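Accompanying notes for the structure given below.
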Amino acid sequence: MAEEAMGKERILDALELREPDTVPIFEMGINEASIVNLGRHFTDDVPPIKHITDMSLEEQLRYMDLLALVLHELGNDGISTVFIIRKERVAEDLVRDKYGTTYRLSNVGEPIAIDGPVQGPQDLEKIADMEPDPGDFAMLRYLIARMGKDVAHFFAIPGPFRFSWQLRGAMERLLLDYMIDPDLALSLARITTDFCKAAIEMAADAGADVVVLEGDLAFNTSTLMSPDQYCRFLKPHHTEIAEFAHRRGLKIVKHTDGKLWPILDDLLEAGFDGIHPIQPQCMDIKEVKTHLKGRAAVLGNIDCSFLLPFGMSEEVDRVVMETIKAAAPGGGYIISSSNSIHPGVKPENYIAMVKAARKYGKYPINL
Amino acid sequence: MKESMVRLGENLIAGQIEKVKGLTEEALKEGMSPNEILQEGMVPPMEELGERFSRGEAFLPELLLAAHAMRAAMEVLKPAIARRGIRQEATVIIGTVAGDIHDLGKNIVRMMLEGAAFRVVDVGVNVSAERFLEAYDQEKPDLVGLSSLLTTTMGEMEEVIQKVRRTYPAAKFIVGGAPIRQDFADKIGADGYAPDAPTAVKVAKRILGS
Numbered sequence: 006m007a008e009e010a011m012g013k014e015r016i017l018d019a020l021e022l023r024e025p026d027t028v029p030i031f032e033m034g035i036n037e038a039s040i041v042n043l044g045r046h047f048t049d050d051v052p053p054i055k056h057i058t059d060m061s062l063e064e065q066l067r068y069m070d071l072l073a074l075v076l077h078e079l080g081n082d083g084i085s086t087v088f089i090i091r092k093e094r095v096a097e098d099l100v101r102d103k104y105g106t107t108y109r110l111s112n113v114g115e116p117i118a119i120d121g122p123v124q125g126p127q128d129l130e131k132i133a134d135m136e137p138d139p140g141d142f143a144m145l146r147y148l149i150a151r152m153g154k155d156v157a158h159f160f161a162i163p164g165p166f167r168f169s170w171q172l173r174g175a176m177e178r179l180l181l182d183y184m185i186d187p188d189l190a191l192s193l194a195r196i197t198t199d200f201c202k203a204a205i206e207m208a209a210d211a212g213a214d215v216v217v218l219e220g221d222l223a224f225n226t227s228t229l230m231s232p233d234q235y236c237r238f239l240k241p242h243h244t245e246i247a248e249f250a251h252r253r254g255l256k257i258v259k260h261t262d263g264k265l266w267p268i269l270d271d272l273l274e275a276g277f278d279g280i281h282p283i284q285p286q287c288m289d290i291k292e293v294k295t296h297l298k299g300r301a302a303v304l305g306n307i308d309c310s311f312l313l314p315f316g317m318s319e320e321v322d323r324v325v326m327e328t329i330k331a332a333a334p335g336g337g338y339i340i341s342s343s344n345s346i347h348p349g350v351k352p353e354n355y356i357a358m359v360k361a362a363r364k365y366g367k368y369p370i371n372l
Numbered sequence: 416m417k418e419s420m421v422r423l424g425e426n427l428i429a430g431q432i433e434k435v436k437g438l439t440e441e442a443l444k445e446g447m448s449p450n451e452i453l454q455e456g457m458v459p460p461m462e463e464l465g466e467r468f469s470r471g472e473a474f475l476p477e478l479l480l481a482a483h484a485m486r487a488a489m490e491v492l493k494p495a496i497a498r499r500g501i502r503q504e505a506t507v508i509i510g511t512v513a514g515d516i517h518d519l520g521k522n523i524v525r526m527m528l529e530g531a532a533f534r535v536v537d538v539g540v541n542v543s544a545e546r547f548l549e550a551y552d553q554e555k556p557d558l559v560g561l562s563s564l565l566t567t568t569m570g571e572m573e574e575v576i577q578k579v580r581r582t583y584p585a586a587k588f589i590v591g592g593a594p595i596r597q598d599f600a601d602k603i604g605a606d607g608y609a610p611d612a613p614t615a616v617k618v619a620k621r622i623l624g625s
């Protein structure tokens, strides 16, 4: 009997568009409440639910230990850690990061930038020397030490689009810059691209295997910007970042929600190894897989809007089987939710998803 | 349509703010009412842009730019509106439900409704059912728009609808946001659902029979 592959090997096989021994499993985000709720299935020793901003270092380590335990028990092949920029609380529901962006906190979702340090071109020099700190990589380093290198370590960083609009304080401002101040938008893209490359350098040194470039470029019915705007303001920077990641020996995946068809070919030309998370409400995974064939892998697609929060585990099992049947043959598919394991997801359903992925994911796929 | 209104519309869509202001001022000097300027010079091009957006031929930056220009024109019209009044489609209260702090989708819908001559009262993000009811008491709107980007918060929409309808049984609601679907809108008793901002304007008009 052939020896079972390690998780990292499976993930890298899929990103190189080969068939591993079984469909690899990863999750880009599991938030604080979900770590605790999943953790209860494997241990009684779980911390109280708390937002990361309010955790002491000891509490953060306890959460990371619990996350490692959950992923180990589930047998996931990849783990995703995030770039944690230090933030200070400036009001009951507001935090500010070290670069000057203020975020509104949410109990159930990510903080959202509501004000930024770049009000206009005159402020660019304030951020010209931004550099990542070694402390931003603490979660990555800790989980590599904790989980070892048999699993693939994904490291998520905000790409130039998301980072730029956070520095402007609102996405609307950057999208308007595309129309009325393109030089400002391009300067921001330049500065944030350099920052991303520095972050990739440090992540590679720390031992990451795959970079995930965050930042949604689309919504349910179309892309946020036109294909021409993508090509002018982002594609050259994405290309530069992807080439840099590859030179450092890392794979790179673009994460973006939404219906990507207008810019999908441009994303592939930019050199991403995979596209995540192919929301089933927005794009059909079989169609995307056919379109991407030989060019990039697909990641995701198990619906976390309705199926994982409200469905029955039997439905999860059926959808996982159908998704593997559609996306896995020929390799190039990594299964995950269609965004993240947020507090609305039933832990039992996520566990059912992982079990079903192992049940149906053995290559060759005969479903 | 008057040549000057065609030019106003063209400049509105192109986001030529200074030209839009100038053309609006000229139209007022020529004796046009704020209502005529709004209905002839601004609403038709905004509708056309919305159609192009829904067909995937225009994108958010263009919508934002046109909305920006429209706001500038409305500032010019403000004194005349104060004197002569304006006929607006209807009043809509709009907000993102409790627990959810996303506002981009809500803001775009607000801009498109304003572009279609609705009076819009934006009650912000993370708005409780109680706050929606208070706003309803104050404004007595024709329609309430509820936004949610998160699966975890969309259940709040039903809370708001039930809370407001306990006092105002005829209250009408339109819902939208990334996880929202028509079947969910039907289930919670909303009067309409829109997958994007320009469609929200059409659905709002359908609900109100205008």
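Those protein sequences? They're chains A and B, same order as listed.
Here the first sequence stands for residues 6 to 372, numbered as in the working numbering.
Here the second sequence stands for residues 416 to 625, numbered as in the working numbering.
Each residue gets a CB set at the ideal place from its N, CA and C atoms; glycine is no exception.
Remember, it's a predicted structure, so these values are computed and weren't measured experimentally.
Using the rule of at least 16 other Cβ atoms within 10 Å of the residue's Cβ for burial, across every protein chain shown, is P122(A) buried or exposed?
Buried, by the Cβ-count rule.
For chain A, is any of its Cβ atoms less than 8 angstroms away from the one on F474(B)?
Judged by the 8 angstroms Cβ criterion, F474(B) is in contact with chain A.
In the structure shown, what three-state DSSP assignment does V28(A) receive?
If DSSP states are grouped into helix, strand and coil, V28(A) belongs with coil.
If you measure beta-carbon to beta-carbon, which residues of the stretch 564 to 594 of chain B are closer than 8 angstroms to chain A?
Those residues of the stretch 564 to 594 of chain B that come within reach of chain A (Cβ to Cβ, closer than 8 angstroms) are L564, L565, T566, T567, T568, A593, P594.
Does the pairing of the stretch 512 to 520 of chain B with the stretch 558 to 565 of chain B give three or more beta-carbon distances under 8 angstroms?
As far as the Cβ criterion goes, the stretch 512 to 520 of chain B touches the stretch 558 to 565 of chain B, which means the pair count is three or higher.
Could you give the distance in angstroms between the alpha-carbon of R580(B) and the alpha-carbon of M447(B)?
The straight-line gap from Cα to Cα measures roughly 41 angstroms.
Could you check whether P163(A) and T198(A) sit closer than 8 angstroms to each other, using their CB atoms as the reference points?
Result no, Cβ atoms of T198(A) and P163(A) do not sit closer than 8 angstroms.
Can you list, in chain order, the residues of its chain whose CB lies under 8 angstroms from that of G276(A), leaving out five sequence neighbours each side?
Only H243, T244, A247, E248, H251, I257 meet the Cβ criterion.
Along the chain, which unbroken stretches of the alpha helix (DSSP H) at least 4 residues long are found entirely within the stretch 305 to 369 of chain A?
Listed in chain order, they are 312 to 315, 318 to 332, 352 to 365.
Could you check where the beta strand (DSSP E) with E93(A) kicks off and where it finishes?
From DSSP, the beta strand (DSSP E) with E93(A) extends over 92 to 96.
If you drop the 5 nearest sequence neighbours on each side, which residues of the same chain put their C-beta closer than 7 angstroms to that of A73(A)?
Same-chain partners within the cutoff: L148, R151, M152.
With distances taken Cα to Cα, identify the nearest neighbour of M60(A) among E219(A), I30(A), S85(A), R94(A).
Looking at the Cα atoms, R94(A) is the closest of the given residues.
So, do the stretch 340 to 353 of chain A and the stretch 296 to 310 of chain A have three or more beta carbon pairs nearer to each other than 8 angstroms?
In short, these stretches touch, since the Cβ pair count reaches three.
Please state the DSSP three-state secondary structure of D233(A).
Correct three-state label for D233(A): helix.
In its own chain, which residues sit with a C-beta less than 8 angstroms from the C-beta of A7(A), not counting the 5 before and 5 after it?
Per-residue confidence for A7(A) stands at a pLDDT of 48, beneath the threshold of 50, marking its modelled position as unreliable; the derived number appears in the next sentence. D26.
Are G34(A) and N81(A) close, meaning C-beta to C-beta below 8 angstroms?
Result no, Cβ atoms of G34(A) and N81(A) do not sit closer than 8 angstroms.
Can you look up V100(A) in the DSSP assignment and give me helix, strand or coil?
Correct three-state label for V100(A): strand.
Using a Cβ-Cβ cutoff of 9 angstroms, what residues of the stretch 207 to 230 of chain A are near chain B? List them in chain order.
Hits within the stretch, in order: F224, N225, T226, S227, T228, L229, M230.
Name the one or two DSSP bridge partners that R534(B) has.
Partner(s): T506(B).
Give me the chain B residues within the contact set of M184(A), using Cβ-Cβ distance strictly less than 8 angstroms, ordered along the chain.
Simply G430, P476, E477, L479, L480.
Secondary structure at K264(A), three-state DSSP: helix, strand or coil?
DSSP places K264(A) in coil when its eight states are reduced to three.
Ordered along the chain, which non-local residues of its own chain (more than five positions away) have a Cβ less than 6 angstroms from that of V41(A)?
Around V41(A): V51, I54.
In whole angstroms, what is the alpha-carbon distance linking G604(B) and A157(A)?
Their Cα atoms are separated by approximately 46 angstroms.
I want to verify the contact list: residues of chain A whose CB lies under 7 angstroms from the CB of L519(B), in sequence order.
Within chain A, the residues near L519(B) are M176, E177.
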